[in-house]
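For reference, the structure is listed below as structure tokens.
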């Protein structure tokens with residue numbers, strides 16, 4: 033149905049007419065072809081919304097508009113309905129605010145957004161975005177799907193939401209530095225909406241591809257469920273990620289990235305500031321002066337030189353605090369079950385047990401994440417083990433201290449003073465005994481609050497989110513294999529090789545066989561400590577599962593999905609020729625206990641085997657079963673088992689040429705002269721059924737299989 037006369041497009045010069053909508057807003061879609069009606073058009077942020085007014089529809093056609101709603105969304109396929117792209121873009125930058133005065137737009141838009149979110153969350157759709165080459169996207173290339181909804185659930189009879197353009201959408205839920213916002217806007221549509229309630233966040237998230245938060249916003253399971261699978265990345269502008277449900281993110285295939293380096297120095301400096309300020313009663317003395325008093329004897333402090341500082345958590349921030357404290361002449365010990373003793377020793381820091389650390393310390397500085405293990409780590413029992421008069425600094429997470437127990441310890445004198453930048457509940461209540469305690473120096477979570485750190489964090493998280501949305505490997509991923517940037521660059525072609533070998537191997541399995549056991553072998557000259565294979569394993573797993581799974585699989589949820597399907601993946605290493613200068617000589621993938629649609633890929637042990645290597649930066653297939661081949665893993669591949677005789681390459685090449693299929697490469701591997709050989713043929717396109725049939729009719733070809741990579 034054409035929308036040439038559709039009032040949605042006639043009502044505003046900013047929207048281009050289209051002939052691709054399933055249903056034209058403002059025009060009845062029943063058999064009578066009722067004349068167009070005039071919708072009321074609303075524009076808010078980046079969504080153009082048109083809603084038909086029931087009172088403008090003639091009574092004889094009211095039935096249609098009572099039982100139908102349309103929601104048009106960008107970027108994803110809905111499996112439940114026939115889909116049509118809707119091209120539209122701005123002709124100028126003036127948004128079409130029509131009819132509704134400004135004070136009425138916000139509540140209407142919120143209601144429409146919630147309706148859209150409800151439809152998103154209850155409609156199954158595919159995982160991959162549509163490849164749509166829009167030339168001037170400023171409004172969304174969209175897909176429309178007709179949804180039936182109960183009368184009582186519809187505040188508006190007929191709804192069209194034209195989403196953002198073909199760019200991804202990033203929701204920034206907490207204040208971010210302008211440098212980061214600017215970087216995001218170069219790649220994506222950015223919606224800055226601060227102080228959202230949980231319900232508002234869930235309603236908005238269905239329209240977003242990425243979410244950026246700081247520490248205040250809780251990103252729980254309900255947020256990922258409400259996204260309906262669209263949310264691909266959550267960026268935490270900072271280090272700690274205890275406000276993000278990593279388990280739910282992983283299950284939904286959503287990557288979580290953080291910004292662990294930009295505010296490290298700022299947090300460490302704030303820890304030192306609290307340490308020194310507390311020791312010399314700076315905050316209390318300042319308040320006394322401002323109250324018109326002069327109380328020198330009341331605010332006698334303690335020296336730092338020679339005192340023992342226990343750093344609890346020897347990560348980036350903890351180690352920087354230790355380094356600076358050493359410069360102040362303090363004796364530094366640390367507790368961290370995951371820290372390297374050699375690294376600590378090189379800094380002049382001794383790693384000790386938890387009990388040893390808290391019992392020997394004059395000052396305790398907390399730098400651990402908030403987990404089930406560290407929650408209320410400092411409590412009545414642990415305070416009882418400390419030196420009387422100990423001083424505590426916390427710039428990590430409020431929840432690591434039992435705040436009621438700390439108040440008792442301060443009152444009893446076990447703890448002489450506390451300097452706190454974080455609280456269990458932020459902001460603390462007005463009647464908080466801890467925040468108001470005279471022995472407490474408190475700041476409102478200022479650890480990362482320097483101008484330099486704010487800009488640095490904004491840029492770091494923006495770069496991580498944009499990179500992830502582009503499909504690049506994230507060096508700051510929290511719930512996926514995290515590999516340093518320099519290692520990522522080196523491993524990139526091997527990551528591609530691993531995924532393609534997994535994809536190829538699983539396509540060799542005949543349809544009725546369930547894949548349950550996979551063995552991956554890495555041939556390398558490097559030792560286990562010099563070659564982290566977690567990323568390789570994740571991508572091989574992705575390659576194996578994706579062709580046989582109806583759900584979206586990525587490096588985030590690949591292992592989780594494998595476990596759900598009962599797929600066991602084991603790894604082993606073999607020592608390669610010492611002359612190999614690359615991280616890996618080869619990767620081999622074996623699938624056990626299955627039948628194969630290509631018998632030549634089966635070893636004597638009954639396993640399907642494929643093997644490959646990287647040559648000049650390009651992944652190559654080098655072995656299928658017992659046969660040696662050498663073809664680049666690009667495009668698609670036809671594998672043929674044939675009698676080794678003259679003319680076979682030309683015969684198959686002629687068949688493909690006659691069917692207009694371009695051959696990109698060809699390789700033949702054989703076990704013995706004039707016996708049996710395997711021919712691997714690279715093709716740019718999917719051969720027609722007729723072309724494949726002709727190949728199968730060649731008498732010397734015993735079996736063949738077409739594989740998509």
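In this note's numbering, the protein residues as written are 33 to 741.
Glycine included, every Cβ here is placed at the ideal spot set by N, Cα and C.
For residue 409, the three-state DSSP class (helix, strand or coil): Residue mapping note: residue 409 aligns to position 377 of the chain shown, counting from 1. Looking at residue 409 - three-state DSSP - the assignment turns out to be coil, as it is neither helix nor strand.
Local Cβ density within 10 Å of residue 650, reported as buried at 16 or more and exposed below that: Taking the chain shown and counting its residues from 1, one reaches residue 650 at position 618. Counting Cβ neighbours within 10 Å, residue 650 comes out exposed, since fewer than 16 surround it.
Within 8 Å, strictly: CB atoms of residue 345 and residue 402: On the chain shown, position 313 is the one that residue 345 refers to. On the chain shown, position 370 is the one that residue 402 refers to. Result no, Cβ atoms of residue 345 and residue 402 do not sit closer than 8 Å.
For residue 651, the three-state DSSP class (helix, strand or coil): Locating residue 651 in the chain shown gives position 619, counting from the first residue. Correct three-state label for residue 651: strand.
At least three beta-carbon pairs within less than 8 Å, the region 492-505 to the region 281-298: yes
Per-residue burial, residue 321 [other beta carbons within 10 Å of its own, 16 or more giving buried]: On the chain shown, residue 321 is found 289 positions in, with the first residue counted as 1. The residue in question, residue 321, is exposed, as its Cβ has fewer than 16 Cβ neighbours within 10 Å.
Reduced DSSP category for residue 67 - H, G, I as helix; E, B as strand; rest coil: Within the chain shown, residue 67 is the residue found at index 35, counting from 1. For residue 67, the pLDDT reaches just 36, beneath the cut-off of 50, and the residue's location in the model is therefore unreliable, although a value from the coordinates is still provided. Coil, per DSSP.
Length at least 4, wholly inside the region 561-618: the alpha helix (DSSP H) runs in chain order: 566-577 and 590-596
Cα-Cα separation between residue 365 and residue 319, rounded to whole angstroms: The residue you call residue 365 lines up with position 333 of the chain shown. The residue you call residue 319 lines up with position 287 of the chain shown. So the alpha carbons of these two residues sit roughly 33 Å apart.
Span separating the alpha-carbon of residue 336 from that of residue 303: Taking the first residue of the chain shown as position 1, residue 336 is located at position 304. Taking the first residue of the chain shown as position 1, residue 303 is located at position 271. Cα to Cα, residue 336 sits roughly 14 Å from residue 303.
Exposure label - residue 719; buried when at least 16 CB within 10 Å: Taking the first residue of the chain shown as 1, we reach residue 719 at position 687. Its Cβ being crowded by 16 or more others within 10 Å, residue 719 is buried.
From 615, 602, 645 and 310, residue whose alpha carbon lies closest to that of residue 624: Within the chain shown, the letter at position 592 stands for residue 624. It is 602 whose Cα lies nearest to the Cα of residue 624.
Presumed contact (8 Å Cβ cut-off) between residue 238 and residue 260, rounded CB distance: On the chain shown, position 206 is the one that residue 238 refers to. On the chain shown, position 228 is the one that residue 260 refers to. Contact holds; Cβ gap of about 6 Å.
Own chain residues within Cβ distance below 7 Å of residue 485, not counting five before or after: Taking the chain shown and counting its residues from 1, the one referred to as residue 485 is at position 453. Excluding positions up to five away in sequence, the list reads 294, 295 and 298.
According to DSSP, residues forming a beta bridge with residue 344: Along the chain shown, read from residue 1 onward, the residue named residue 344 stands at position 312. In the DSSP output, where bridge partners are listed per residue, residue 344 has 367 and 398.
Beta-carbon spacing of residue 590, residue 565 below 8 Å: Start at 1 with the first residue of the chain shown, and residue 590 comes out as number 558. Start at 1 with the first residue of the chain shown, and residue 565 comes out as number 533. In this structure, residue 565 does not lie closer than 8 Å to residue 590 by Cβ.
Beta-carbon proximity of residue 665 to residue 532, cut-off 8 Å: Numbered from its first residue, the chain shown carries residue 665 at position 633. Numbered from its first residue, the chain shown carries residue 532 at position 500. Yes, these two residues count as a Cβ contact at 8 Å.
C-alpha gap between residue 539 and residue 229, whole angstroms: Residue mapping note: residue 539 aligns to position 507 of the chain shown, counting from 1. Residue mapping note: residue 229 aligns to position 197 of the chain shown, counting from 1. About 46 Å.
Residue from 722, 492, 535 and 555 with nearest C-alpha to residue 571: Walking along the chain shown from the start, residue 571 turns up at place 539. Measuring from the Cα of residue 571, the nearest candidate turns out to be 535.
In chain order, each alpha helix (DSSP H) run of at least 4 residues that lies wholly inside the region 194-258: 210-217, 230-237 and 253-258
Assigned exposure category for residue 201 - 16 Cβ within 10 Å defines buried: Sequence index remark: in the chain shown, residue 201 carries index 169 (1-based). The residue is buried, with at least 16 neighbouring Cβ atoms inside 10 Å.
Residue 162 versus residue 199: straight-line alpha-carbon distance, rounded: On the chain shown, residue 162 is found 130 positions in, with the first residue counted as 1. On the chain shown, residue 199 is found 167 positions in, with the first residue counted as 1. Model confidence at residue 162 stands at a pLDDT of 36, short of 50, so the residue's coordinates are unreliable; what they give is reported in the following sentence. Near 12 Å, if we compare the C-alpha coordinates of residue 199 and residue 162.
Distance CB(residue 423)-CB(residue 465) smaller than 8 Å: If you number the chain shown from 1, residue 423 lands on position 391. If you number the chain shown from 1, residue 465 lands on position 433. Cβ distance not < 8 Å, so residue 423 and residue 465 don't count as in contact.
Residue 569 to residue 530 span [Cα, whole Å]: Within the chain shown, residue 569 is the residue found at index 537, counting from 1. Within the chain shown, residue 530 is the residue found at index 498, counting from 1. Straight-line Cα distance between these residues: approximately 8 Å.
Rounded C-alpha distance that separates residue 606 from residue 558: For the purposes of this step, residue 606 is taken as residue 574 along the chain shown, with counting starting at 1. For the purposes of this step, residue 558 is taken as residue 526 along the chain shown, with counting starting at 1. Computed Cα separation, rounded: 10 Å.
Any beta strand (DSSP E) of 3 or more consecutive residues that is wholly inside the region 668-707: 668-675 and 695-702
Whole-angstrom C-beta distance between residue 256 and residue 225, which should lie under 8 Å: Locating residue 225 in the chain shown gives position 193, where the first residue counts as 1. Locating residue 256 in the chain shown gives position 224, where the first residue counts as 1. With 8 Å as the limit, residue 225 and residue 256 do not qualify as a contact, their Cβ atoms being about 18 Å apart.
Neighbour-count burial assignment, residue 476, 16 or more Cβ in a 10 Å radius: To locate residue 476, count along the chain shown from 1; it is residue 444. Exposed, since its Cβ has fewer than 16 Cβ neighbours within 10 Å.
Residues near residue 563 in its chain [Cβ-Cβ closer than 7 Å; skip 5 each side]: If you number the chain shown from 1, residue 563 lands on position 531. Around residue 563: 556 and 615.
Local conformation of residue 359 per DSSP, three classes: Indexing the chain shown from 1 puts residue 359 at position 327. If DSSP states are grouped into helix, strand and coil, residue 359 belongs with the helices.
Pick from 652, 644 and 659 that is closest to residue 630, judged by C-alpha positions: On the chain shown, position 598 is the one that residue 630 refers to. For residue 630, the nearest C-alpha among the options comes from 659.
Bounding residues of the beta strand (DSSP E) (the contiguous stretch that carries residue 425): Position 393 of the chain shown, counted from the first residue, corresponds to residue 425. 422-426 is the extent of the beta strand (DSSP E) around residue 425.
Which listed residue (617, 474, 618 and 642) has its alpha carbon closest to that of residue 628: Within the chain shown, the letter at position 596 stands for residue 628. The candidate whose alpha carbon is nearest that of residue 628 is 642.
Coarse secondary structure for residue 644, derived from DSSP in three states: Within the chain shown, residue 644 is the residue found at index 612, counting from 1. Note: residue 644 maps to strand in three-state DSSP.
Integer-rounded CB distance, given that residue 671 should sit under 8 Å from residue 736: Along the chain shown, read from residue 1 onward, the residue named residue 736 stands at position 704. Along the chain shown, read from residue 1 onward, the residue named residue 671 stands at position 639. Between residue 671 and residue 736 the Cβ distance is about 6 Å, and since that is below 8 Å, they are a contact.
Selection from 262, 270 and 219 that minimises the alpha carbon distance to residue 244: Here the question's residue 244 lines up with position 212 in the chain shown. It is 270.
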